[in-house]
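To keep things clear, I will list the structure first and then write my remarks on it.
Residue numbers (our numbering), protein chains in the order written: chain G, 1 to 227; chain V, 1 to 211.
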């Protein structure tokens, strides 16, 4: 009799523990042992099966109240950078491209022996070109809307290029590609869809080679150094 | 098993390695790295803080307050937790602090839904308010800490240990907050049980469910 009661008590305690763990069983973050215990328990416990179903339902219901989030991070990011730039203490003694820390220097991206801009555009072309993504800030030719102005670089002299693409791209799409490659959109698109971008030509590559490599990329309609 | 938005453990590990590198660059005031980190975290922090605070007008400020701390303190990150845990922990503190300042902690809010309301009453309420508003009212009625646990579990895919780090509390507190949040929502939203089968059918339509 005592043995039955002990067994029952242990089972009840395990049942309570499983009930507490179910949410993390559902999000697949339990350890192997915990997960095995839950799976075994679920095979025989109707109450826990019901709780699991209720939690799935609750998750679906709560996700139906997705809070509205602004898809375009850029305006918020600019606000934050303005805050940072207005507080010298937040930038003191540091360069945005500092390599003073050897550990950091080691992890910085290499400038591979293809042109930076070519890699930028390759990255860009790998992105899904969303036709529904309407170009932003279209202004008449020659009157660029400044999008970013972070142009400092210790890697070499920054060059400004005017780039046009066969398909219209949104500034956001282009910017997302540029972030990964440490280039900048200076302005654009203008009325003809041209962007003014700032890139650093890798050492050992002539300006002409650089432009040729850019122009040879499918999707790039024209590339020229800005006057 | 529900596949959460955070992906598999391997995905999360790879993502964390990339973020440690980004954070090291941010520590040297690398604005490009900071922008990459911002792009990654803007959507999830907006959603998390939106759910935690239930104040859409304050979300942008809270996100930027969080990321400002990341910019300032990147050099102090010691790698004892994941980058996502560290950043979310900052966001949690910012969100709670802002709510506290405004005396908007949900515990002080009046309940919008009668906890004793029966199924019929709830059904009428859903018809009147619409499902989304009805659920939103339910979420308003649990504490910010409970909403935080729900959000981080169901939508960010955090383990209970990671949530304990984010919220700086014992793991048992995380488990009991989740337990009480579930129980309270079930009481507040009794039609949930009734609609369970229909919703579960929808769920099984879109995600893999382990039997």
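Note that the Cβ used here is the ideal one computed from N, Cα and C, for glycine as well.
According to DSSP, residue pairing for residue 156 of chain V in a beta bridge does not occur. Contact between the segment 136 to 151 of chain V and the segment 33 to 45 of chain V is absent, with fewer than three C-beta pairs closer than 8 angstroms. Taking 8 angstroms as the threshold, the shortest C-beta distance from residue 67 of chain V to chain G falls below it. Across the structure, residue 48 of chain G and residue 170 of chain V are spaced so that their CA atoms are roughly 24 angstroms apart. Taken through DSSP and simplified to helix, strand or coil, residue 81 of chain V comes out as coil.
Residues of chain G with a Cβ closer than 9 angstroms to the Cβ of residue 77 of chain V do not exist; the shortest Cβ-Cβ separation is about 13 angstroms.
Assigned with DSSP and collapsed to three states, residue 164 of chain G falls in strand.
The Cβ neighbour count for residue 11 of chain G, taken over all protein chains shown within 10 Å, is under 16; the residue is labelled exposed. Between residue 182 of chain V and residue 58 of chain G, the CB-CB gap stays under 8 angstroms.
The shortest CA-to-CA distance from residue 75 of chain V to any of V:157, V:167 and V:26 is the one to V:26. In terms of beta-carbon proximity, residue 142 of chain V stays away from the interface with chain G, with every pair separated by 8 angstroms or more. Residue 34 of chain G and residue 19 of chain G have their C-alpha atoms roughly 12 angstroms apart. A straight-line Cα-Cα distance of about 6 angstroms links residue 48 of chain V and residue 151 of chain V. Within 7 angstroms of the CB of residue 37 of chain G, no CB atom of chain V is found; the nearest one sits about 15 angstroms away. When only Cα atoms are considered, residue 32 of chain G and residue 172 of chain V end up about 19 angstroms apart.
The beta carbon of residue 81 of chain V sits closer than 6 angstroms to the beta carbons of 165 from its chain, once the five residues preceding and following it are set aside; these are given in chain order. Residue 81 of chain G and residue 22 of chain V have their C-alpha atoms spaced approximately 17 angstroms apart. A distance of 8 angstroms or more separates the beta carbons of residue 208 of chain G and residue 164 of chain G. For residue 46 of chain G, no Cβ of chain V is located within less than 8 angstroms of the residue's own Cβ. Using a CB distance below 8 angstroms, the part of the segment 73 to 86 of chain G facing chain V consists of 73, 76, 77, 79, 80, 81, 83 and 84, ordered along the chain.
Distance check between residue 84 of chain V and each of V:141, V:70 and V:54 places V:70 closest, using alpha-carbon atoms only. Around residue 78 of chain V, the same chain offers no residue with a beta carbon nearer than 6 angstroms, after the five sequence neighbours per side are excluded. Counting along the chain, residue 221 of chain G sits inside the beta strand (DSSP E) bounded by residues 220 to 225. Residue 213 of chain G is bridged by DSSP to nothing; it lacks a bridge partner.
If you look at residue 64 of chain V, you'll find it in the alpha helix (DSSP H) that goes 56 to 73. Residues of the segment 168 to 187 of chain V whose Cβ lies closer than 8 angstroms to any Cβ of chain G, in chain order: 175, 176, 178, 179, 182, 185 and 186. Chain V has no Cβ within less than 8 angstroms of the Cβ of residue 88 of chain G. Judged by DSSP in its simplified three-state form, residue 192 of chain G adopts coil rather than helix or strand. Restricting attention to V:58, V:163 and V:158, the CA atom closest to the CA of residue 26 of chain G is found in V:158. Taking residue 21 of chain G as the centre and dropping the five residues before and after it, the same chain places the C-beta of 30, 34 and 38 closer than 7 angstroms to its C-beta, in chain order. The three-state secondary structure of residue 187 of chain G, taken from DSSP, is strand. At a cut-off of 8 angstroms between beta-carbon atoms, residue 59 of chain G makes contact with chain V.
Excluding residues up to 5 positions away in sequence, 142 lie with their Cβ nearer than 6 angstroms to the Cβ of residue 184 of chain V in the same chain.
For a cut-off of 8 angstroms, the C-beta gap from residue 153 of chain V to residue 24 of chain G is around 7 angstroms, short enough to register as a contact. Under the Cβ distance rule, residue 160 of chain V counts among the residues neighbouring chain G, one pair being separated by less than 8 angstroms.
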